[in-house]
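Residue numbers (this note's numbering), protein chains in the order written: chain A, 28 to 86; chain B, 3 to 263. All C-beta atoms, glycine included, are put in the ideal place defined by N, C-alpha and C. Just below is one structure, and these are the notes that go with it.
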């Protein structure tokens, strides 16, 4: 597979897409960990939801 | 299951937890197939190998508009039906839409340099997509600026619906004005102008990126629901602390008054 004289433009396009998609995935995963850690902390401090369920109660 | 059934965030969390692994797997498989087909697609007789940029650029450009469309539907859900998850959906979609729009602009620019001789031209299509990108950023800033999510939701919903005017402008800009950008070649009257050897990888990549959006959007919506749960619990905790310190200070005051008497 030869990319010709403009290979750098093609490779940069695909690399940029890979980086941006990786950042999006990382953002979603880290945000999930952050929120569940905060819920766990609240649960430990004894704060419960209005329904009476634990803060960490997830289906 | 209807949209009303999903109005319950706990039910939505349960359903999305079951769906996410399947969606992620389907996205990975389709992306792998799409990338393989893109790598082995033939060179274009005019553009040479740079035609491969199309397989990244076009799906991102389509999604930049599609995501705003999703946010507009969600905004209607917020303003008209007051669906509890509508503003969650709109808020979660904005950063993903901004990322796709950024990629459409960047890859378009990288495609433009060898084909047009310039990275950028202030023509109708490029400028209207840049405005879309700036609107995504503005919307994200608005969500962060207003602390109360329900107040931010209504303002953001109005802004999103006003911004939707830009979508037909982007779509038809290549027909209404003279632009460097080529007119529609896939979705047009009379069928696609693309050869199957380009069209099939392009459609596979488009479906793969759409699945990627759905997967990331569901995950981001789950995070937003958890964030709001954290916020309401922190407010309950703060009011409990304020109440107990208030009661404590009143009791202190009362005991001092009794002592003084």
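When we look at the beta-carbon of residue i and count the other beta-carbons within 10 Å, is it buried (16 or more) or exposed?
{"i": "residue 53 of chain B", "result": "buried"}
{"i": "residue 184 of chain B", "result": "exposed"}
{"i": "residue 40 of chain B", "result": "buried"}
{"i": "residue 203 of chain B", "result": "buried"}
{"i": "residue 178 of chain B", "result": "exposed"}
{"i": "residue 245 of chain B", "result": "exposed"}
{"i": "residue 72 of chain B", "result": "buried"}
{"i": "residue 21 of chain B", "result": "exposed"}
{"i": "residue 165 of chain B", "result": "buried"}
{"i": "residue 193 of chain B", "result": "exposed"}
{"i": "residue 60 of chain A", "result": "exposed"}
{"i": "residue 119 of chain B", "result": "exposed"}
{"i": "residue 208 of chain B", "result": "buried"}
{"i": "residue 62 of chain A", "result": "buried"}
{"i": "residue 229 of chain B", "result": "buried"}
{"i": "residue 152 of chain B", "result": "exposed"}
{"i": "residue 40 of chain A", "result": "buried"}
{"i": "residue 44 of chain A", "result": "buried"}
Check whether the Cβ atoms of residue i and residue j sit closer than 7 angstroms, and answer yes or no.
{"i": "residue 93 of chain B", "j": "residue 145 of chain B", "result": "yes"}
{"i": "residue 162 of chain B", "j": "residue 74 of chain B", "result": "yes"}
{"i": "residue 32 of chain B", "j": "residue 123 of chain B", "result": "no"}
{"i": "residue 196 of chain B", "j": "residue 187 of chain B", "result": "yes"}
{"i": "residue 226 of chain B", "j": "residue 90 of chain B", "result": "yes"}
{"i": "residue 172 of chain B", "j": "residue 199 of chain B", "result": "no"}
{"i": "residue 33 of chain A", "j": "residue 44 of chain B", "result": "no"}
{"i": "residue 77 of chain B", "j": "residue 159 of chain B", "result": "yes"}
{"i": "residue 46 of chain A", "j": "residue 105 of chain B", "result": "no"}
{"i": "residue 36 of chain A", "j": "residue 37 of chain B", "result": "no"}
{"i": "residue 50 of chain B", "j": "residue 53 of chain A", "result": "no"}
{"i": "residue 253 of chain B", "j": "residue 74 of chain A", "result": "no"}
{"i": "residue 157 of chain B", "j": "residue 55 of chain A", "result": "no"}
{"i": "residue 1 of chain B", "j": "residue 220 of chain B", "result": "Residue 1 of chain B is absent from the model: chain B starts at 3 and stops at 263."}
For residue i, I'd like the list of residues in its chain whose CB is within less than 8 angstroms of its CB, leaving aside the five on either flank, ordered along the chain.
{"i": "residue 35 of chain B", "result": "206, 210"}
{"i": "residue 266 of chain B", "result": "This structure leaves residue 266 of chain B out entirely; chain B is present only between 3 and 263."}
{"i": "residue 9 of chain B", "result": "85, 86, 87"}
According to DSSP, what are the bridge partners of residue i?
{"i": "residue 53 of chain A", "result": "According to DSSP, which records beta bridges pairwise, residue 53 of chain A is partnered with nothing at all."}
{"i": "residue 50 of chain B", "result": "B/46"}
Could you pull out every residue in the same chain whose Cβ sits closer than 7 angstroms to the Cβ of residue i, ignoring the five residues on either side in sequence?
{"i": "residue 109 of chain B", "result": "55, 58, 59, 62"}
{"i": "residue 142 of chain B", "result": "96, 97, 100"}
{"i": "residue 86 of chain A", "result": "Residue placement at residue 86 of chain A cannot be trusted, given a pLDDT of 45 that sits under 50; what the coordinates show is reported in the next sentence. Excluding sequence neighbours, residue 86 of chain A sits near nothing in its chain."}
{"i": "residue 134 of chain B", "result": "66, 70, 103, 168, 172"}
{"i": "residue 150 of chain B", "result": "none"}
{"i": "residue 15 of chain B", "result": "224, 227"}
{"i": "residue 46 of chain B", "result": "53"}
{"i": "residue 64 of chain B", "result": "208"}
{"i": "residue 247 of chain B", "result": "none"}
Assuming residue i and residue j make a contact with CB atoms under 8 angstroms, what is their CB distance in whole Å?
{"i": "residue 57 of chain A", "j": "residue 232 of chain B", "result": "Their Cβ separation, rounded to whole angstroms, is 15 angstroms, which puts residue 57 of chain A and residue 232 of chain B out of contact at 8 angstroms."}
{"i": "residue 137 of chain B", "j": "residue 168 of chain B", "result": "7 angstroms"}
{"i": "residue 107 of chain B", "j": "residue 139 of chain B", "result": "Wrong, their Cβ atoms sit about 12 angstroms apart, outside the cutoff."}
Excluding sequence positions up to five away, which residues of its chain have a Cβ less than 6 angstroms from the Cβ of residue i?
{"i": "residue 217 of chain B", "result": "25, 26, 29"}
{"i": "residue 79 of chain B", "result": "85, 88"}
{"i": "residue 127 of chain B", "result": "175, 176, 181, 183"}
Would you say the beta carbon of residue i is closer than 6 angstroms to some non-hydrogen atom of the ligand GDP?
{"i": "residue 88 of chain B", "result": "The ligand GDP is absent from the structure shown, which contains no ligand whatsoever."}
**Q.** Cβ-based contacts, 9 angstroms cut-off: residues of the region 42-66 of chain A near chain E
**A.** This model lacks chain E altogether, as its protein chains are A and B.
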